[in-house]
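First up is the structure itself, then whatever we jot down about it.
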Amino acid sequence: MAPMAVALILGWWLVAASRAQQLPRPSLSLHPSQGVSLGDNVTLRCHLPRPAAWVWLYLEGRWSYAKYIDKKQDTTEFSFLSASHDQAGTYLCQYQVSESEDVSVTSDPVKLVLTDRSFPPPHISLHPEERVGTGTNVTICCWNKDYGATFLLHKDGRSDPIQRLVPDDVGAVSFTLFGVTPADSGTYRCSYHPKNYPFLSSPLGDSVTLEVTPTPAPPGAELVSRGNLVVAVVRGCAAALIFGLGVFFVIDARSLWIRRDESLGGEGI
Ligand SMILES: *[C@@H]1O[C@H](CO)[C@@H](O)[C@H](O)[C@H]1NC(C)=O
Ligand SMILES: *[C@@H]1O[C@H](CO)[C@@H](O)[C@H](O)[C@H]1NC(C)=O
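So this is what it looks like as structure tokens:
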């Protein structure tokens, strides 16, 4: 009896699966498509290739939500007022044309990454300099000692991050743009995913501007071996980090002095 039940279930599942494949895949989009902060309103739009009665929205590994559509439409919206931590994650949607028919395959996943402004923005520096000739290897260092788990390099005007890297123990990364061309000219910024929060992002940090002139880099530069370049880059990042820490201590020491002055002033009255 049991094997027969298994065979029936399997048969039903195979038929259902093959029918589901006949329904075209829906697509899911996010509005606004990027730069959504905690507390912002955000909408997920499931685009249906044919009018449907039911649409499901899934937050991968967490929950699903079904929505019944009275008047058949080709798009369904799911809106969050004031997006919270719980809503960050990977979303998928799926539809059913009518109750008697099968469910479609799921859409491609869409990630909702929320910017959490309580995380400090990362620091950035550029090496060897902001104006270089074509063919130079340019390095952009980003660091945030305490929080960064994965760093992203963004270029203004491009919707997706152009590179991502996991930092070393010091919490710094160095992105390399090999053999730059004038097309690499532009403004660059970093952000990071905080440790243990792959769907949260720090705010974007300060920017650096790269200007690549069409003239090739002086021939001397090409003689620098890869080993030397790596050493120079690591030194550059380390120097930037130490400088950053130095500034921090100076500011800290100053605030101590100011506090001391205030308390002395208070005693004087
Ligand atoms: C979110 O939407 C609500 C209702 O439409 C509106 O009152 C509110 O101002 C919006 N919030 C933001 C941050 O846009
Ligand atoms: C850039 O880096 C590549 C790979 O490390 C190296 O082969 C090349 O010589 C470097 N170019 C310059 C101009 O330093």
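Note that the sequence shown covers residues -20 to -1, 1 to 249 in mature numbering (1 follows the signal peptide of the UniProt record, and there is no 0). Ideal placement from N, C-alpha and C gives every residue a C-beta, glycine not left out.
Rounded Cβ spacing between residue i and residue j (contact assumed at less than 8 Å)
i          : j           : result
residue 91 : residue 155 : Actually they do not touch by this definition, with Cβ atoms about 21 Å apart.
residue 6  : residue 84  : 6 Å
Contact under 8 Å by Cβ, residue i with residue j
i           : j           : result
residue 193 : residue 113 : yes
residue 89  : residue 57  : no
residue 126 : residue 18  : no
residue 26  : residue 10  : no
residue 187 : residue 168 : yes
residue 68  : residue 20  : no
residue 59  : residue 8   : no
residue 76  : residue 33  : yes
residue 185 : residue 171 : yes
Given residue i as reference, the closest of the options once Cα atoms are compared
i           : options              : result
residue 137 : 151, 165, 76 and 176 : 165
residue 70  : 145, 94, 196 and 157 : 94
residue 141 : 131, 159 and 50      : 131
residue 163 : 15, 135, 49 and 143  : 135
Cα-Cα separation, residue i to residue j
i           : j           : result
residue 79  : residue 46  : 13 Å
residue 173 : residue 123 : 12 Å
residue 120 : residue 72  : 35 Å
residue 157 : residue 107 : 10 Å
residue 66  : residue 100 : 21 Å
residue 35  : residue 51  : 13 Å
residue 145 : residue 54  : 39 Å
residue 74  : residue 43  : 14 Å
residue 133 : residue 81  : 46 Å
residue 22  : residue 103 : 28 Å
residue 202 : residue 4   : The predicted position of residue 202 is uncertain, since its pLDDT is 49 and thus under 50; no value can be drawn from it.
residue 191 : residue 160 : 10 Å
residue 29  : residue 139 : 26 Å
residue 111 : residue 195 : 11 Å
residue 206 : residue 116 : With a pLDDT of 49 at residue 206, under the threshold of 50, the modelled position of this residue cannot be trusted, and the question is left open.
residue 153 : residue 175 : 15 Å
residue 226 : residue 105 : Confidence at residue 226 is low in this model, with a pLDDT of 49, below 50, so its placement is unreliable and the value that follows should be read with caution. Residue 226 and residue 105: Cα-Cα distance of roughly 15 Å.
residue 118 : residue 13  : 30 Å
residue 61  : residue 2   : 35 Å
residue 148 : residue 49  : 50 Å
residue 15  : residue 98  : 15 Å
residue 109 : residue 24  : 42 Å
residue 177 : residue 143 : 19 Å
task: Only counting runs of 3 or more residues, tell me where the beta strand (DSSP E) segments fall wholly within the stretch 13 to 58, in order along the chain.
output: 22 to 27, 34 to 39 and 43 to 48
task: Counting only runs of 4+ residues fully inside the stretch 110 to 194, write out the alpha helix (DSSP H) ranges in chain order.
output: none
Complete runs of the alpha helix (DSSP H) confined to the stretch 73 to 115 [at least 4 residues]: none
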